[in-house]
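According to my numbering, the sequence shown is numbered sequentially starting from 3. Just so it is clear, CB atoms sit at the ideal spot from N, CA and C, and this is done for glycine as well. Here the structure is a predicted model, which means the values were calculated and not measured.
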Amino acid sequence: MGLTQEVVGFVSRTRYRDIQPEVIRLAQGFILDGLGVTLAGSTEKGSRILQGHVRQIGGRGEAMVVGAGFLAPSAKAALANGASGHAMDYDDTQLSTSKESVYGLLTHPTVPVLSAVLAVGEKEQISGQDFLLAYILGVEVECRIADAINPRHYQSGFHSTATIGGLGAAMAVGKLLGLKEEPLARTLGIAASMASGLRENFGTMTKPLHAGRAAENGVTAAQLAEKGFTSAVNILEAKRG
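Here you go:
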């Protein structure tokens, strides 16, 4: 079994009853924190510019743009909310447990996943348990991949929250949509090719845009895979992946 299959099998098979109560309690706290920083960040200048851009694009009103008072297509709501959540850089952080790691911080895991789950969850009118489960699985995948490929990935100039956050968001949305292992593998393949975000943009409005794009990419990847869109199904272990 390849690594991609292990990941999508884990996401597909895990049920709410499999999650330990302590993990659920922690997740609830992280979600509350994520909502708080998103609301606070929604007033930042960059967030307002992006909200205006999303409003101008228009489309079916499926999910709320936090702090802006209007609905947008789920992928675009995820974009705006993800950027707001990372705008002040107060969102939670994943710390490396490896002694070999040069950088202690690996990702800001919650915002990309939460923004994607919020948007699709509102569109699909999911239950609280399904929301929590999707969030937990998305963050778990994101953090595991980040721990595996850093610090080299970060040292090469990539913003891990942007690149790996999209993979976590994709798995979370795939879980919400009830995708099985094969479409989940395609979701991961699509999201991996959409991954982007460079550290040179730190200190500008583009840094929080990274988190928004990660959330948007996760939503788009899962929605495309649900419709039969194809990609490589071994993206994590493939030589060119």
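- Counting along the chain, Met173 sits inside the alpha helix (DSSP H) bounded by residues 162-178.
- Taking a 10 Å sphere around the C-beta of Glu202, we find fewer than 16 other C-beta atoms and assign the residue as exposed.
- By the criterion of at least three beta-carbon pairs nearer than 8 Å, the region 136-152 is not in contact with the region 40-60.
- Val67: member of the beta strand (DSSP E) spanning 65-67, first to last residue.
- Three or more Cβ pairs drawn from the region 108-127 and the region 213-223 lie within less than 8 Å of each other, which places the two stretches in contact.
- Look at Gln7 here: in three-state DSSP terms it is helix.
- In the DSSP annotation of this structure, Ala80 is not part of any beta strand (DSSP E); the continuous alpha helix (DSSP H) holding it starts and ends at 76-88.
- Distance from the CA of Gln157 to the CA of Leu200, rounded to the nearest whole angstrom, comes to 11 Å.
- Secondary structure note for Pro210: its alpha helix (DSSP H) is the uninterrupted segment 208-228.
- Assignment of beta-bridge partners to Leu200 by DSSP yields Phe160.
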